[in-house]
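Number of protein chains: 2
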Amino acid sequence: MSHFAPVELRHASRLINHGPTVLVTSSDGGRANVMAAAWSMPVEFTPPRIAVVIDKHTYTRELVMRSGHFGLCLPGARLVDLTHAVGSETGRSIDKFARHGLRSRPGPNSGVPLLEDGCAAWLECRLLPEPHTQDAYDTCFAEVLAAAADARIFSAGHWTLRPDNAELHTIHHLGGGNFVTPSGVVQAVPV
Amino acid sequence: MSHFAPVELRHASRLINHGPTVLVTSSDGGRANVMAAAWSMPVEFTPPRIAVVIDKHTYTRELVMRSGHFGLCLPGARLVDLTHAVGSETGRSIDKFARHGLRSRPGPNSGVPLLEDGCAAWLECRLLPEPHTQDAYDTCFAEVLAAAADARIFSAGHWTLRPDNAELHTIHHLGGGNFVTPSGVVQAVPV
Chain A
1 MSHFAPVELR HASRLINHGP TVLVTSSDGG RANVMAAAWS MPVEFTPPRI AVVIDKHTYT
61 RELVMRSGHF GLCLPGARLV DLTHAVGSET GRSIDKFARH GLRSRPGPNS GVPLLEDGCA
121 AWLECRLLPE PHTQDAYDTC FAEVLAAAAD ARIFSAGHWT LRPDNAELHT IHHLGGGNFV
181 TPSGVVQAVP V
Chain B
1 MSHFAPVELR HASRLINHGP TVLVTSSDGG RANVMAAAWS MPVEFTPPRI AVVIDKHTYT
61 RELVMRSGHF GLCLPGARLV DLTHAVGSET GRSIDKFARH GLRSRPGPNS GVPLLEDGCA
121 AWLECRLLPE PHTQDAYDTC FAEVLAAAAD ARIFSAGHWT LRPDNAELHT IHHLGGGNFV
181 TPSGVVQAVP V
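Keeping their order, the protein sequence lines are chains A and B.
Heads up: the first sequence begins at 1 in my numbering, then just goes up one per residue.
Heads up: the second sequence begins at 1 in my numbering, then just goes up one per residue.
Below is the structure:
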């Protein structure tokens, strides 16, 4: 049973505001792929827009350029090994969904494959073509068409990080296959 | 006494790879400013390049456009309240350095003010002018000219997060003034 529920678009930026590593999903012409990306960020609240670095030599980049869509899925802590694996393989020669037994659901607007099992959230994105920045910086801008999150960890626009939902905590790549998870929520007070 | 030591440029991306909130420092013509930014990311390892969202209505954006340089300073957990404060004030009407008693040192290449007290690291950046993406997405690309980190938490290209250096742990903004810090390093294993 899926615990995913829609996230209002005005709250979409909060899903990646704290810098989690994401899985970029894509598909075109019957082929699908998934790769890991540590480099993404929101760039606008309304309309919800994001930027993500997708190397021009990757198969994902090829599929995204052809289809014009991609998904950003936030792996939970249970998926650390999977995340590192799909960041090290190329989808040109293998079907990563089959290899890792990944189930996906089609994005409501684009049909792009989205992951829910073990993930905290996803964002369905439409590429905003920017040939220069795609070429010079491998940076792809996109508009968020829809978003959803596991209601056990994100609801009403807020993350709730507790020991009992630790498997769904986002993961953040320090480099070299080392990941950290967020903890210890602190509320800033006026100074 | 400062514990800061230079970070090799090939390791600069690791300072922000895991998505910390940063303080953007800037100066021009005798005026200096500092603001908080949750939206930044590396975009290239070599040469080291980053992207950061700086709203076009901010005083920081004005100073950065004039001087062509800025700093990204990583506040440690002790600076949560300061970070939230400088993200809510405008430097047009107040001198935030004076108001908050912030000491800075000049960047070795540009003279841009850089914060070390209570910070984990800094990156001295040179704007790569991209008028279209600056205008359309408030996204500023830059090359990292120099970087340094507090050796008690980052050295030889690696973060070391321990209870005894908790005050220097990076902070990650969930939204609404709520910050988390990273913990529980997990090393991915091949699947």
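For every residue, glycine included, the Cβ atom is placed at its ideal position computed from N, Cα and C.
Restricted to the stretch 133-160 of chain B, not a single alpha helix (DSSP H) segment is unbroken, complete and at least 4 residues in length. Residue pairing by DSSP places residue 50 of chain A opposite A:42 and A:142 in a beta bridge. The straight-line gap separating the alpha-carbon atoms of residue 47 of chain B and residue 91 of chain B is approximately 31 Å. Neighbourhood of residue 19 of chain A in chain B, by CB distance below 7 Å: 18, 19, 20 and 172, in chain order.
Per DSSP, residue 60 of chain A is not a residue of any beta strand (DSSP E); the alpha helix (DSSP H) it occupies stretches across 59-67.
Contact annotation: residue 72 of chain B and residue 122 of chain B have beta-carbon atoms nearer than 8 Å. Contact of residue 41 of chain B with chain A is assigned, a C-beta pair being separated by under 8 Å. Within the stretch 113-140 of chain A, 128, 130, 132, 133, 136, 137, 138 and 139 place their CB atoms closer than 9 Å to a CB of chain B, listed in sequence order. Restricting attention to A:170, A:108, A:156 and A:188, the CA atom closest to the CA of residue 80 of chain A is found in A:170. Residue-level contact by beta carbon holds for residue 181 of chain B and chain A, with a gap shorter than 8 Å.
Taking a C-beta distance under 8 Å as the contact criterion, residue 109 of chain B and residue 51 of chain B do not qualify as a contact pair. If you ignore the 5 residues before and after residue 66 of chain B, its C-beta comes within less than 7 Å of the C-beta of 28, all in its own chain and listed in chain order. Nearest neighbour of residue 142 of chain B by Cα position, chosen from B:150, B:148, B:136 and B:129, turns out to be B:129.
Distance between residue 88 of chain A and residue 157 of chain A, taken at the CA atoms: about 33 Å.
Counted as a single uninterrupted DSSP element, the stretch harbouring residue 15 of chain A is not any beta strand (DSSP E) but the alpha helix (DSSP H) occupying residues 13-16. Nearest C-alpha to residue 25 of chain B among B:74, B:10, B:17 and B:45: B:74. For residue 188 of chain B and residue 20 of chain A, the gap between their C-alpha atoms comes out near 15 Å.
With its beta carbon less than 8 Å from one in chain B, residue 178 of chain A belongs to the interface. Only residues of its own chain outside the window of five on either side were considered, and among them 35 have a CB closer than 7 Å to the CB of residue 58 of chain B, listed in chain order. With respect to the 8 Å criterion, residue 174 of chain A and residue 152 of chain A are not classified as neighbours on the basis of their beta carbons. A residue is called buried when at least 16 other Cβ atoms come within 10 angstroms of its Cβ; residue 124 of chain B meets this threshold and is buried. Using a Cβ-Cβ cut-off of 8 Å, residue 61 of chain B does not count as an interface residue toward chain A, since no Cβ of chain A sits closer than that to its own.
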